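Numbering (the numbering used here), first residue to last: 3 to 53. For glycine and all other residues, C-beta sits at the position ideal for the given N, C-alpha and C. Owing to the predicted nature of the structure, the values given are computational and were not obtained by experimental measurement. One structure below.
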């Protein structure tokens, strides 16, 4: 198995990010608001998290 390319995340990391966003979505006025707040906690850019 090769080294992941830059910007590729494991399925576990992706699942964790989705769970975190879904669990906290009600605390923000919009999906983008949630993304802006959560992305830094995951150590990724807002756009990376959005995609």
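Using 10 angstroms around the beta-carbon of residue 20, count the other beta-carbons present and answer buried if the total reaches 16, otherwise exposed.
When all chains shown are included, residue 20 counts as exposed.
C-alpha gap between residue 30 and residue 14, whole angstroms
If I take the Cα positions, the gap works out to 24 Å.
Alpha carbon to alpha carbon, how far is residue 36 from residue 28?
The alpha-carbon of residue 36 is positioned some 9 Å away from that of residue 28.
Quick check: the Cα distance between residue 38 and residue 24, rounded to an integer number of angstroms?
Looking at the backbone, the Cα of residue 38 and that of residue 24 are separated by about 14 Å.
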